[in-house]
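Numbering (the numbering used here), first residue to last: 10 to 224.
One structure below.
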Amino acid sequence: MLIILLGPPGAGKGTQAEKITNDHNLAYISTGDILRSAVRENKELGRKARQYMDEGKLVPDDLVVEIVKDRLLNPDCRNGALFDGFPRTVEQAVFLENALPDLDVKIDRVLSVEVEESELIERLTGRRVCSDCGANYHLKFKPPKVRNVCDQCGGDLYQRDDDSLETVKERLEVYKKQTQPLIEFYQKRGLLSPIDGNQEIEDVYKQISSILGEL
Ligand code: ADP
Ligand code: ADP
Ligand code: ZN
């Protein structure tokens with residue numbers, strides 16, 4: 010099974026991905042997480058990507074495509090995979106479409122999580138992330154049991170550099186220009202399922218579960 014989570018920054022893709030991958034035994038492929046760990050570990054990829062990320066711009070397609078090619082070869086993808094934050098441009102979507110037949114895989118569904126812009130800004134500026142396991146929290150909407158401590162692993166929570174108000178606004182613009190066209194791209198292929206992301210976390214997941222249950 011191959012599922013794509015599409016949606017603007019802050020829509021709740023990472024939050025829903027955690028639930029989906031647990032219930033459906035899918036490999037989790039977040040290009041954002043892979044890029045952030047490459048930056049942290051000061052790898053060549055990280056050095057090339059860092060400035061784009063800090064400015065809220067997209068990392069060039071060729072770098073991202075290399076990450077995904079590599080990642081899909083990992084044995085944990087045998088049961089299927091969930092993409093979060095990839096593809097983000099039409100070029101990336103075309104690459105994926107061309108790469109899948111060789112891997113004997115097809116896209117089963119593209120879940121397009123829709124949320125109003127004012128809500129996205131509040132979600133992103135209040136987001137906190139676990140430095141050890143990557144779990145997502147929110148100061149107001151999903152606070153951890155103990156302040157600044159991850160419920161799952163006890164790791165410290167931090168605020169991403171690109172979750173500042175200024176960079177958030179830039180990321181939302183970049184989304185509209187470069188990623189939003191993918192909604193039509195997948196609609197034309199009959200793969201798109203819109204998800205109402207304005208609901209409570211559990212209700213969003215119910216909608217997703219019922220769609221995945223029909224596959
Ligand atoms: P994305 O991966 O799409 O950028 P996240 O899953 O990281 O988004 O969610 C962004 C922020 O909003 C996080 O702080 C998360 O805890 C919070 N959040 C996610 N889903 C909801 C929701 N349905 N209602 C309120 N807050 C949410
Ligand atoms: P969010 O969903 O909260 O916007 P991500 O963690 O998916 O954040 O991405 C963070 C940053 O990593 C993006 O702003 C961009 O610079 C880079 N990035 C992640 N995925 C891609 C991609 N598929 N193509 C280009 N850049 C990407
Ligand atoms: Zn953690």
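For each residue, glycine too, the CB sits at the ideal point set by N, CA and C.
Predicted model, so just to flag it, every value in this text is computed and none were measured.
- Say yes only if the C-beta of L133 is nearer than 7 Å to one or more non-hydrogen atoms of ligand 1, and no if none qualify. In terms of side-chain proximity, the C-beta atom of L133 is found nearer than 7 Å to a non-hydrogen atom of ligand 1.
- Query: Which one or two residues does DSSP pair with N145 in a beta bridge?
  - Reply: According to DSSP, which records beta bridges pairwise, N145 is partnered with V138.
- Query: Hey, would you say the C-beta of Q161 is under 7 Å away from at least one heavy atom of ligand 3?
  - Reply: Checking every heavy atom of ligand 3 against the Cβ of Q161, one is found closer than 7 Å.
- Query: With distances taken from CA atoms, which of L44, P203, R80 is nearest R56?
  - Reply: Taking only the C-alpha atoms, the option nearest R56 is L44.
- Message: Please tell me whether, using a cut-off of 7 Å, the distance from the CB of R136 to the nearest non-hydrogen atom of ligand 1 is below it.
- Response: Relative to ligand 1, the beta carbon of R136 is positioned inside 7 Å of a heavy atom.
- Message: Using the three-state DSSP reduction, which class does A102 fall into: helix, strand or coil?
- Response: Reduced to three states, the DSSP call for A102 is helix.
- Among C139, T98, E50, P153, nearest to I192 - alpha-carbon criterion: With distances taken between Cα atoms, I192 lies closest to T98.
- Item | Own chain, CB closer than 6 Å to D85, minus 5 neighbours either side, in chain order | Taking C-beta separations shorter than 6 Å and ignoring five residues to either side along the sequence, the partners of D85 in its chain run A36, following chain order.
- Would you check if there are 3 or more beta carbon pairs closer than 8 Å linking the region 117-132 to the region 204-217? Output reads yes: the region 204-217 touches the region 117-132.
- Cβ of Q229 versus every heavy atom of ligand 2: is any distance shorter than 7 Å? Missing from the structure shown is residue 229; the chain here goes from 10 to 224 and no further.
- Shorter than 8 Å from the beta carbon of I210 to some beta carbon of chain D? Here there is only one protein chain, and chain D is not present.
- Inter-residue spacing [alpha-carbon to alpha-carbon] between Q208 and G94: Using only the alpha carbons, I get a separation of about 20 Å.
- How about K151 and I210: are their beta carbons less than 8 Å apart? Pairing K151 with I210 gives a Cβ-Cβ distance under 8 Å.
- Query: Is it the case that the CB of Y37 approaches a heavy atom of ligand 2 more closely than 7 Å?
  - Reply: Incorrect: Y37 has no Cβ contact closer than 7 Å to ligand 2.
- Item | Start-end ranges of the alpha helix (DSSP H) lying completely within the region 147-185, minimum 4 residues | Segments of the alpha helix (DSSP H) lying fully in the region 147-185: 174-183.
- Do you know offhand how far V77's Cα is from T40's? Across the structure, V77 and T40 are spaced so that their CA atoms are roughly 8 Å apart.
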